[in-house]
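**Q**
Protein chains: 2
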Amino acid sequence: MTDETAPTRPEARSPRGFVDRRARDLAAERQILTAVSAVYERYGFEALDTGAFEYADALGKFLPDADRPNEGVFALQDDDEQWMALRYDLTAPLARFAAQHWETLPKPFRRYAFGPVWRNEKPGPGRFREFTQCDADTVGSARPEADAEIIAMAAEGLVAAGLPAGSAVIRINNRKLLNGLLATAGVSDERQKLGVLRAVDKLDRLGPDGVRLLLGEGRKDESGAFTKGAGLNAAAAEAVLAFTAAGGGADRGSVLNRLADIIGGSAEGDAGLAELAAINTALKNLGVTEDQAVFEPAIVRGLEYYTGAVFEAELLLETTDEKGHPVRFGSIGGGGRYDDLVARFTGQVVPATGFSFGVSRLASALRAAGRDLAAETRGPVVVIAFSQDDMAHYFAAAAELRAAGLAAEVYLGSSGMKAQMKYADRRLSPAAVILGGDEIAAGTVTIMDLVLGRELAAGISDNSQWREQRPGQINCPRNELVATVAKIVRGA
Amino acid sequence: MTDETAPTRPEARSPRGFVDRRARDLAAERQILTAVSAVYERYGFEALDTGAFEYADALGKFLPDADRPNEGVFALQDDDEQWMALRYDLTAPLARFAAQHWETLPKPFRRYAFGPVWRNEKPGPGRFREFTQCDADTVGSARPEADAEIIAMAAEGLVAAGLPAGSAVIRINNRKLLNGLLATAGVSDERQKLGVLRAVDKLDRLGPDGVRLLLGEGRKDESGAFTKGAGLNAAAAEAVLAFTAAGGGADRGSVLNRLADIIGGSAEGDAGLAELAAINTALKNLGVTEDQAVFEPAIVRGLEYYTGAVFEAELLLETTDEKGHPVRFGSIGGGGRYDDLVARFTGQVVPATGFSFGVSRLASALRAAGRDLAAETRGPVVVIAFSQDDMAHYFAAAAELRAAGLAAEVYLGSSGMKAQMKYADRRLSPAAVILGGDEIAAGTVTIMDLVLGRELAAGISDNSQWREQRPGQINCPRNELVATVAKIVRGA
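These protein sequence lines are chains A and B, in that order.
For the first sequence, counting from 1, position 423 maps to 423 in this note's numbering; every step adds exactly one.
For the second sequence, counting from 1, position 451 maps to 1451 in this note's numbering; every step adds exactly one.
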C-alpha cells in the first residue's frame, strides 16, 4: 500500500438489506421460476416484464399489507423533476400497464410476471429490501371461474416447483361473506369492520376466546396492555365466531352448506355465497381436489385490498425451529380479487384476480418439505493442470465431457495439485480428472470420485471396506473417460 | 366521473427510457439467456446474482466507454446517509463481490451473471435507461488460456443462442501491442497514447487517410471543424497504420507473423505478442476455428479500461436500414482483460478477463440473421365459451390439451363468439376450439386452424383451392381433439 491510494480505498460491502446469491440458491430459484412459468403459460397466461421504476404518482400505495407502518419505497427525482420509485410489488405496475394499454389489450388480459421488487424498510435477519416475486393475474373478468383458474394454477405451480402433492393446501374465503354477516348484524361502520377483520386475523394466535374479547370491548394481554375491541354486541360476536369455525377441514360442499346457514339474508352475503359456489363448481371442472383447495372462512389475507375471493397457500408440514420446537411453516403465497387498481387511472372499474408468491419463501418451503433444490446443485468436473506442455490433453478431455453435456473445466490458476483438489472441492465438483505424464503415456486417465469422497468424509458410507479398494480413485482407459465421469455425476 | 376523484387521477405512463416487454420479446430474451447460461455452466462458470444497489463509493466509475460525457447512475441516499446507486453494469458489482469474499472464494473465481443494469442517461429512440446484460468473467487467472476460454465460450454461446454458424466472428487484439509499438517510437505520454487509440477507433469511418491525419497534426472534416491529432511524427503514424492493417482476414498464425515484424523490440510489445501466441494455441486446443475467431489489430474496444487482450464479437451479415441501404450490423458484444477492479478495494492486483453482451442487442442480431425468436412465439389455444351450462365441457377440453403440453385456456370474458375469435387472434393463438351444443350432442368438436387462417389472410398460401375445402375449420370426433390441435401447433 502507498500513502496516496490507501485513504481513498472504498470498503467492499453490499448495501444493508441486499444479498449476493451464489450458484446453489440461484439454481433453486431458477428451477422454481422455470417450472411455475411453464404451468402458467400452459394455462394461457402471457409473460410481461415492466421496468424497475414507475412514476411515484402511478405507483400509489397499494400494498396488500397496509398495516406495516414503515412501509416505504426507494424514490428519486428524475432530471425533469418527476418523482420515480422502484416498484414494491408486481401488481401496481400491472395496474399502470393495463390502464395505459387497455383499449388494445386482449381482454380478459392474463399475464404472469416475475422479478425483483424493492421495499425501503429497515433490514433485519431474513428481512430483505430486494426480493423476487412471481405473480399471475387475470384482469377484466368478474367471473368466479377466473378465481378458480388462478387457484388451480397456483396449486399446479406449487407441485411443479417440487412441493410433494398433499404437502400444501390453498385456503379460500370471500370477503363478501363477513361483510354480509356484519350487514345483517347492523354493522356498517368501515372502521368497525376493519376491527373485526383484525380480530379474526388473530384467531391462530389467540384462539376463539381471545378473538371474542377483541370482537367485543377489548382484550388485556399477559403484559397488561389493553387492545380496544371492535365493539360488536355478543350476538354479532358469536355469529362471527361461528362463521370462522365453519371450515375445519370439511369438504367444500359441506362448508358451503354451513356458510349458507350462517350468512344468508344480505345481498352482499348472498353474492359471496354464490361466488364461492361457482368457484367450487369450476374447481371441480378444473380437477382441483379437496386436498388441494378448501374453503376456510377464518382466512383474512390483507385488510383493505381485496374485494371478493381471497386465497392463501399454506405449507401443511410441521417443521422445527432452531431449538427443535415444532412450528407451522405457514403461508407460502396468496392472492384474491381486487377491483380498484385500474380505476385509479381511468375511473373505469375493471375486475381483477391474482396470486403471488415470494420465490425465496417457496424455496424455504421446498427445503422444509425435504426438497432442497440448492443442495442438489453440483459444480463442474475439474481437469487438473500439471504441465503447460500438456494443456492440449486437458482441454481435449474437458471438451469431450462438455460435448456429453457434463460441465467441465481445465484448472487455470497457478497453484499445484493440492490447491487444485481443494478448488474442486470448493466448487462442489463431482469429479477431478487427472492426466499426468504417466496416464498420457499409458493411454489412461485417473478420475477422483469426489461425491464418494464427500460421503466418506461425512461418514455416510461405511468406509472400512471402501478404503481397501481405494475408493473414489478410478484408473481407466482414456476412451472411457466420459462414461466413467457420467456414471459418477448421474449416480451409479 | 365525479368531481372529487377526477383531478387526482394519475396518468398511466411508464417513466422515460423504461419499456414494458410483452410475451414475444420476453420469450426471445429468455431463450437467449437459457441457451447461453447452459453453455457457460458447461464451461464451469457459476451463476452469481448481486443486488440492484451498490454503495456509490464501491461502484466507482468503471464504465468501459468512459468517453460518453453524460454518463450517470441512479443514486439515492439511504436512511443512514450513505449514498447507494443502481448498478450500471455487472462488472463493478463483481469487483465488489470478489474483493469482499476473496479469501474464501474458489480461485480462479469464474462466474457468469445476467440481469438488468441502469444508466441515468437521456433516453432516446433505441436508447434505454434499463437493459439486460449477460457477462462471464474469470477473476484470478493471468493465463492467456483464460482469455482463450472466454472467447471460446462466447463463440459457442452465440451459436447456442441461435446465430447461424459463420454469421458472427470474434475479433481479438491486445492492448500491449500498440503500447509496445508506441514505446518503440518514443511515445510515452498517456494523453498522446489515448489520442492514438481514438484515431485508430475511427478507422472504419474515416479510412487510413483520415486516420493518418488524426495520428498526425489533425483533421478538418467536411463541415470545416478541426479535430486536433495525436501529434505522432510521420514514421510513427505509418507504423501505427501498418499495425492496424496487419489483420485483413488472414489466418491467426499469419497475422501473428506479420505483427511480430511490426511490433518487436519493446518489452510490452513482446509480452503482447507472447500472449496472443498463447491465446492462439489455446483457441486451437479448444476447437475454435479460424472462422469463429480472428486476430484484428484494428480493434480498440473501449479506451482506458482494458490492459491486455480485447475482443469484440461482430455480426458479419450485411443488413439494410429503413431506407433499404446496406449497413453493417456491427458489434454484438465484447470484452477483454482488466486488472484494476479488485485493486481499488484491496490494493491487491488481481488479473481478470471477461465477455459481455446486451441481450436485446443479440436478439436484434438474431433477427438480422433471420432467426426472429419473438416471431416464433405463439399464444394459447382458446376454447370458446358459449354457455355457462357447458363450462365443464370447455374446462375438460382445456385440461386435456394442457396435459399434452399444449397451452390452452377457456375464454373467461363476457363477450360473444365474434369477440372471442378476435381475442384468440390477438393472443396469436394457433387454434380455437368450438364445443357448441351441436358438437357436444354429436360427440364431436370443431377446431379453427388460426395458423392457416393467418397465412391465408397474409396471402401466403394459395387460397382458391383451400377455400372450397373450408380451410382451417376441422370437425372431428371429440376424442381426436388433442391429436388434431397438436398437428396444427407443431406443424402438419
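Just so it is clear, CB atoms sit at the ideal spot from N, CA and C, and this is done for glycine as well.
Give every residue of the same chain whose Cβ lies closer than 7 Å to the Cβ of D1065 of chain B, excluding the five residues on either side of it in the sequence, and list them in chain order.
**A** Bear in mind that the predicted position of D1065 of chain B carries a pLDDT of just 45, short of 50, making it unreliable; the figure below should be weighed with that in mind. Excluding positions up to five away in sequence, the list reads G1302.
**Q** Looking at the C-beta of D135 of chain A, does it have a partner C-beta in chain B at a distance below 7 Å?
**A** False, the Cβ-Cβ gap to chain B never drops below 7 Å.
**Q** What in chain B is Cβ-close to T138 of chain A, meaning under 9 Å?
**A** Near T138 of chain A (Cβ distances below 9 Å), the residues of chain B are L1412.
**Q** Identify, in the order they occur along the chain, each residue of the same chain with its Cβ nearer than 6 Å to the Cβ of P1108 of chain B, setting aside the five sequence neighbours on each side.
**A** Hits under 6 Å: T1138, G1140 and S1141.
**Q** Inspect the beta-carbon positions of I299 of chain A and A161 of chain A and report whether they are closer than 7 Å.
**A** No, the pair does not count as a contact, with Cβ atoms beyond the cut-off.
**Q** Is the CB-CB distance between A99 of chain A and A1012 of chain B below 7 Å?
**A** Yes.
**Q** Do we get a CB-CB distance below 7 Å when we pair A237 of chain A with the residues of chain B?
**A** A237 of chain A does not count as touching chain B.
**Q** Determine the DSSP secondary structure at V482 of chain A, reduced to helix, strand or coil.
**A** V482 of chain A: helix per DSSP, three-state reduction.
**Q** Taking F1357 of chain B and I1332 of chain B to be in contact with their CB atoms under 8 Å, please state how far apart those CB atoms are, rounded to whole angstroms.
**A** With 8 Å as the limit, F1357 of chain B and I1332 of chain B qualify as a contact, their Cβ atoms being about 6 Å apart.
**Q** Mark V327 of chain A as exposed unless 16 or more other C-beta atoms lie within 10 angstroms of its C-beta, in which case mark it buried.
**A** Exposed, by the Cβ-count rule.
**Q** Could you tell me which chain A residues have their CB closer than 7 Å to the CB of M1084 of chain B, listed as they occur along the chain?
**A** The answer, in chain order, is P15.
**Q** Thinking L1090 of chain B and D1135 of chain B are a contact (beta carbons under 8 Å), I'd like their distance in whole angstroms, please.
**A** Yes, they are in contact, since the Cβ atoms of L1090 of chain B and D1135 of chain B sit about 4 Å apart, within 8 Å.
**Q** With distance defined between alpha-carbon atoms, name the residue in A:K422, A:V39 and A:G405 nearest to I150 of chain A.
**A** If we check each option's Cα against that of I150 of chain A, A:V39 comes out closest.
**Q** With a threshold of 7 Å between beta-carbons, can T1091 of chain B be considered close to chain A, or not?
**A** No - not a single Cβ of chain A is within 7 Å of the one on T1091 of chain B.
**Q** Below 8 Å on the Cβ atoms is my contact criterion, and I expect I504 of chain A with I279 of chain A to pass it. Report the Cβ-Cβ distance as a whole number of Å.
**A** With chain A covering only 1 through 492, there is no way to say anything about residue 504 of chain A.
**Q** With DSSP run on the structure shown, which of helix, strand or coil describes A1293 of chain B?
**A** A1293 of chain B: strand per DSSP, three-state reduction.
**Q** Can you give me the Cβ contacts of C476 of chain A inside the same chain, cut-off strictly under 6 Å, excluding the 5 residues immediately before and after it?
**A** Excluding residues within five positions, the ones whose Cβ falls inside 6 Å are T484.
**Q** If we count the other Cβ atoms within 10 Å of its Cβ and call it buried at 16 or more, is F1355 of chain B buried or exposed?
**A** Answer is buried; the Cβ neighbour count reaches 16.
**Q** Mind listing which residues of the region 1100–1112 of chain B have their C-beta closer than 9 Å to chain A's C-betas, in chain order?
**A** Here the close residues are Q1100, H1101, W1102, T1104, L1105, P1106, K1107, P1108, R1110 and R1111.
**Q** Excluding five sequence neighbours on each side, which residues of the same chain lie with their C-beta closer than 8 Å to the C-beta of M1391 of chain B?
**A** For M1391 of chain B, where only same-chain residues beyond five positions count, the Cβ hits under 8 Å are A1385 and V1410.
**Q** Among the residues of its own chain, which have a CB less than 7 Å from the CB of Q1082 of chain B, if the five just before and after it don't count?
**A** So the list reads Y1055, once near-sequence residues are dropped.
**Q** Pick out whichever of A:E29, A:R96, A:A85 and A:R87 has its Cα sitting closest to the Cα of V342 of chain A.
**A** If we check each option's Cα against that of V342 of chain A, A:R96 comes out closest.
**Q** Can we say the region 214–231 of chain A touches the region 166–183 of chain A, given the rule of at least three CB pairs closer than 8 Å?
**A** No, the region 214–231 of chain A is not in contact with the region 166–183 of chain A.
**Q** At the level of alpha carbons, what is the spacing between F1018 of chain B and Q388 of chain A?
**A** So the alpha carbons of these two residues sit roughly 49 Å apart.
**Q** When DSSP builds the beta bridges, which residues end up paired with T8 of chain A?
**A** None, per the DSSP bridge assignment.
**Q** Could you tell me the distance, in whole angstroms, from the CA atom of Q292 of chain A to the CA atom of D251 of chain A?
**A** Between Q292 of chain A and D251 of chain A, the C-alpha separation is close to 11 Å.
**Q** Nearest chain A C-beta to E1409 of chain B closer than 7 Å, yes or no?
**A** So, interface residue.
**Q** Out of A:S364, A:D339 and A:E304, which one is the CA nearest neighbour of D321 of chain A?
**A** Ranking A:S364, A:D339 and A:E304 by Cα distance to D321 of chain A puts A:S364 first.
**Q** Would you grab the beta carbon distance between G1472 of chain B and G1491 of chain B for me? Rounded to a whole angstrom, and I think it's under 8 Å.
**A** Not quite, the Cβ-Cβ distance comes to about 15 Å (not below 8 Å), so this is no contact.
**Q** Can you say whether V1381 of chain B is buried or exposed, counting buried as having 16 or more other CB atoms within 10 angstroms of its CB?
**A** It counts as buried.
**Q** Skipping 5 residues on each side, what residues in its chain have a beta carbon closer than 6 Å to that of R1378 of chain B?
**A** Around R1378 of chain B: L1428 and P1430.
**Q** Under 9 Å between beta-carbons, which chain A residues line up against Y1088 of chain B? List them in chain order, please.
**A** Chain A residues near Y1088 of chain B: none, gap ~13 Å exceeds 9 Å.
**Q** In chain order, what are the residue ranges of uninterrupted beta strand (DSSP E) at least 3 long that sit wholly in the region 352–377 of chain A?
**A** Those beta strand (DSSP E) runs which fall completely within the region 352–377 of chain A and span 3+ residues are 352–358.
**Q** Quick check for students: name the residue ranges of the beta strand (DSSP E) that lie wholly in the region 1398–1424 of chain B, counting only runs of 3 or more.
**A** List check, beta strand (DSSP E) in window: 1408–1410.
**Q** In terms of residues, what are the limits of the beta strand (DSSP E) holding R1219 of chain B?
**A** Its beta strand (DSSP E) spans residues G1218 to K1220.
**Q** Give me the residue from B:T1008, B:R1110 and B:L1086 with the minimum Cα distance to A408 of chain A.
**A** Per the Cα distances, B:R1110.
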